[in-house]
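Structure, as structure tokens:
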Amino acid sequence: MKNFCAYSLRRLGTDYLDIYRPARVDPRVPIEETVGAIADLIRAGHVRYLGLSEAGADTLRRANAAHPVVDLQIEYSLLSRGIERQVLPTARQLGIAITAYGVLSRGLLGGATPGGAADIRTHMPRFQGENYQQNLRLVAALRALAERKGVTAAQLAIAWVLARGGDIVPLIGTTRRARLEEALGALSIELSAAELGEIERAVPAEAVAGTRYAAEQMAHLDSERQLPD
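Position one of the sequence shown corresponds to residue 15 (this note's numbering), numbered consecutively onward.
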């Protein structure tokens with residue numbers, strides 16, 4: 015952790031990083047050791063805040079006990095709502111914010127389609143076969159609601175995540191200015207409780223087909239390891 019932080023500081027030409035997150039939880043290393051290394055960097059002034067990525071509820075508790083965690087970067091969208099069961103309640107109990115990536119489910123909620131064999135999405139279960147067709151039906155239902163409200167499906171999907179709480183920050187990536195402007199437009203959308211319910215009925219979590227990654231990758235996600243209820 016310390017070596018990679020040094021490389022990052024050198025590449026960025028800066029003396030410190032505002033937030034430093036391991037991209038994944040290494041199952042071979044106790045989370046307390048990883049957090050301890052970053053805590054050393056914080057004390058040395060090289061890092062200001064500690065974050066985690068794709069950590070499960072138990073890992074969050076253990077990490078936060080070793081050093082305060084300020085945010086958890088994790089996938090969250092209308093099509094990826096698994097964090098609502100354990101991870102999100104635990105994060106809120108501990109005062110940890112959520113940096114939500116995959117808000118548009120890799121473009122699926124915005125109407126994007128995979129661009130051929132070289133497109134990584136073609137290897138993701140949600141973009142394959144009948145799974146893809148089922149998910150497109152959900153997107154069509156969302157689009158119908160968006161049209162009634164005079165916005166795009168992508169804007170409605172972003173607005174839904176924004177409405178989930180002030181402790182959730184949607185992370186939107188794009189290489190096109192038009193898409194950036196579209197995403198920013200979601201900031202002005204207000205959703206009533208009735209509208210939120212309508213969106214969730216149109217795109218119910220249990221109707222989403224396929225996991226967000228292939229089985230081999232899912233097995234490496236600490237966030238997917240659920241605790242007994």
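Just so you know, even glycine gets a beta-carbon here, dropped at the ideal spot from N, CA and C.
Neighbour-count burial assignment, residue i, 16 or more Cβ in a 10 Å radius
i      : result
Glu214 : exposed
Glu11  : Lying before the first or after the last residue shown, residue 11 is absent from the chain, which here runs from 15 to 243.
Asp236 : buried
Thr189 : exposed
Pro41  : exposed
Glu230 : exposed
Ala77  : buried
Leu93  : buried
Val165 : buried
Ala233 : exposed
Ala114 : buried
Ser206 : exposed
Ala69  : buried
Rounded distance between the beta-carbons of residue j and residue i, thought under 8 Å
i      : j      : result
Ala79  : Leu64  : Contact flag wrong, Cβ pair sits at about 12 Å.
Asp85  : Ile56  : With a Cβ gap of about 14 Å, Asp85 and Ile56 do not count as contacting.
Leu123 : Ala167 : 6 Å
Ile45  : Thr73  : 5 Å
Under 8 Å between C-beta atoms of residue i and residue j
i      : j      : result
Leu170 : Ala158 : no
Leu185 : Val117 : yes
Ser67  : Arg38  : yes
Glu89  : Arg239 : no
Pro139 : Ala228 : yes
Ala208 : Leu156 : no
Pick from the options that is closest to residue i, judged by C-alpha positions
i      : options                        : result
Glu98  : Val83, Met15 and Ala71         : Ala71
Ala62  : His81, Arg75 and Arg25         : The residue asked about is misnamed: residue 62 is Arg in this sequence, not Ala. Among His81, Arg75 and Arg25, the Cα nearest to that of Arg62 belongs to His81.
Pro103 : Ala207, Gly179 and Gln231      : Gly179
Glu204 : Leu176, Gly130 and Val101      : Leu176
Arg120 : Arg135, Pro41 and Gly129       : Arg135
Val183 : Ile172, Arg191 and Gln107      : Ile172
Arg24  : Val43, Arg75 and His60         : His60
Val101 : Gln87, Val43 and Leu93         : Gln87
Lys16  : Ala58, Thr28 and Leu26         : Ala58
Asp181 : Gly125, Thr28 and Arg106       : Arg106
Leu108 : Gly130, Ser91, Leu26 and Arg75 : Arg75
Arg162 : Glu212, Thr28, Val43 and Leu26 : Glu212
Ala126 : Phe141, Ala132 and Thr28       : Phe141
Residue i CB to nearest heavy atom of the ligand SAM below 7 Å
i      : result
Tyr227 : This structure does not include the ligand SAM; it has no bound ligands of any sort.
Worksheet item: Are at least three pairs of beta-carbons, each pair with one atom in the stretch 188-205 and one in the stretch 28-45, less than 8 Å apart?
Response: Put simply, the stretch 188-205 does not touch the stretch 28-45. Fewer than three CB pairs are less than 8 Å apart.
Worksheet entry | Cβ contact (3+ pairs, closer than 8 Å) linking the stretch 16-29 and the stretch 42-50 | no
Fill in: Meets three-Cβ-pair contact criterion under 8 Å: the stretch 148-157 and the stretch 217-224
yes
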